[in-house]
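Sequence positions in the sequence shown follow this note's numbering and run 515 to 663. Glycine residues also receive a C-beta, built at the ideal position from the N, C-alpha and C atoms. Input: a single structure, listed below in structure tokens.
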Amino acid sequence: MRTSLMTTKGQGGLLAGACAGTAALLAVGRGAPALVFIALVLMTFAAYCALVWSLTRARVLPARTIAAAFLGLLILAVAVPPRGSKDLYSYVMYGRIVAQHDASPYTHVPADFPSDPALQRVQPVFRHTGSVYGPVFTSISAAGMGACG
């Protein structure tokens, strides 16, 4: 009985640690001092690896708890704007070129659409660059922008 209780508490603690570390990384992004960022990455990764190892040995956390933690992190990741790379905004713009402007991101650049609200979020260096992504990725990006604007 004691082992099961320790495992439940241990897995819950590891799940909480992995979630808290991920949330902290989303919140601070690369704006944190390098040592803080690296420490957060290492601690989060260690908690995640230990949790996966523990779950392969004996899963005592209910699937519902794990799913709720995953859903919470997913909502947080969608709600927090990207803090590291700004490539996401280029993906959005290339998708909008197809879905909203009925043009090709291979022959048109984001700057060709100065009134597009997404243009301001694209890094200036990429506003005059055509898409370098393949047609499958561009189709997915265009479908996403067609669905949500």
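DSSP state of residue i mapped onto helix, strand, coil
i, result
"D630", "coil"
"D616", "coil"
"Y562", "helix"
"G526", "helix"
"P638", "helix"
"R516", "Reliability fails at R516, whose pLDDT of 48 lies under 50, so the model's placement of it is uncertain and no value is given."
"S645", "coil"
"T652", "helix"
"V623", "coil"
"W610", "The sequence given here has Arg at residue 610, not Trp. Three-state DSSP puts R610 in a helix."
"S604", "helix"
Spatially closest choice to residue i from the options, by CA coordinates
i, options, result
"I580", "Y562, R597, V592, P595", "Y562"
"H642", "T652, Y620, V550, I654", "Y620"
"A560", "A541, R597, Q637, G535", "G535"
"T558", "L540, A632, R573, R571", "L540"
"L529", "F584, P547, F651", "F584"
"G644", "F551, P547, A625, W567", "A625"
"P576", "T521, R597, A613", "T521"
"R597", "A548, V542, G660, V636", "V542"
Whole-number beta carbon distance between residue j and residue i, since they are thought to touch under 8 Å
i, j, result
"L565", "A532", "6 Å"
"L590", "Q525", "The Cβ separation is near 21 Å, so there is no contact."
"F627", "L633", "6 Å"
*With a cut-off of 8 Å, do at least 3 Cβ pairs link the region 645-662 to the region 607-624?*
yes
*Unbroken stretches of the alpha helix (DSSP H), 4 residues or longer, contained in the region 536-594*: 548-571, 577-593
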